[in-house]
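The number in my numbering is simply the position in the sequence shown, starting from 1, with 5 added. Idealized CB from N, CA, C, for every residue including glycine.
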Amino acid sequence: KMVIKIIEFIRIAGATFGTFWAYQVGMNTITPYESVLHILTPWLIVSIAGTSAIEGLFFGKQSAAEKGFVNDGNYAYQSRIGLLSYAVISLLVYFENWGPKAELTIILTFLFFMFFSALNHGYQAFVKKNYHWENLNRPFLTILLIVAIWYPVYNLLF
6 KMVIKIIEFI RIAGATFGTF WAYQVGMNTI TPYESVLHIL TPWLIVSIAG
56 TSAIEGLFFG KQSAAEKGFV NDGNYAYQSR IGLLSYAVIS LLVYFENWGP
106 KAELTIILTF LFFMFFSALN HGYQAFVKKN YHWENLNRPF LTILLIVAIW
156 YPVYNLLF
């Protein structure tokens with residue numbers, strides 16, 4: 006149970022630090038929104054999707070119980086592999102320096118997943134009355150995620 010809480014802390018702390026670092030460094034360049042996105046993309050995706058994948062792959066039953074779910078089936082295992090793929094591809098895009106369009110693609114794909122994940126957690130909390138912390142915080146943390154990526158994404162798209 007403590008391991009799940011530690012992973013949750015690392016997830017939120019990594020995303021928070023990465024956002025701070027991306028804006029701190031990226032805003033002081035000649036291409037601020039591209040630089041912010043370049044730094045922010047792997048920090049957010051690895052912090053959120055990477056830790057979620059590790060949590061699920063190695064501590065799946067404990068993680069499911071912590072969130073108030075009864076089972077931890079093959080479908081959940083498949084989702085964790087998907088999360089791991091987001092993290093690995095975001096690192097590949099970053100280290101190979103594939104550029105803003107690749108970064109936009111992976112961050113928007115990840116955001117699409119996070120948006121529907123937040124809807125699911127909100128549904129679990131407010132309709133199914135599963136008031137575990139993870140179900141309550143996901144919709145709000147996803148709003149913060151959208152706020153964090155709004156500046157670079159908006160400026161690159163429009």
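Between residue 52 and residue 20 the beta-carbon gap is near 4 angstroms, inside 8 angstroms, which marks them as a contact. Going by beta carbons, residue 69 and residue 81 fall inside the 8 angstroms limit. Comparing alpha carbon positions, the residue from 141, 153, 84 closest to residue 46 is 153. If you ignore the 5 residues before and after residue 44, its C-beta comes within less than 7 angstroms of the C-beta of 26, 27, 30, 31, all in its own chain and listed in chain order. For residue 140, the uninterrupted alpha helix (DSSP H) segment begins and ends at 138-162. In this model, residue 104 and residue 36 are separated by some 12 angstroms (Cα to Cα). DSSP places residue 33 in no alpha helix (DSSP H); its state is neither H nor E.
Going by beta carbons, residue 126 and residue 73 fall outside the 8 angstroms limit. Excluding the 5 residues flanking it on each side, residue 157 has same chain C-beta neighbours closer than 6 angstroms at 38, 41, 42, in chain order. Nearest Cα to residue 56 within the set 110, 75, 9: 9. 119 is the residue among 106, 119, 75, 83 whose C-alpha sits nearest the C-alpha of residue 54. For residue 34, the number of other beta carbons within 10 angstroms of its own is below 16, and it is reported as exposed.
If the five residues before and after residue 141 are omitted, its C-beta is found closer than 6 angstroms to the C-beta atoms of 130, all from its own chain and listed in chain order. Excluding its 5 nearest sequence neighbours in each direction, residue 114 has no C-beta neighbour in its own chain below 6 angstroms.
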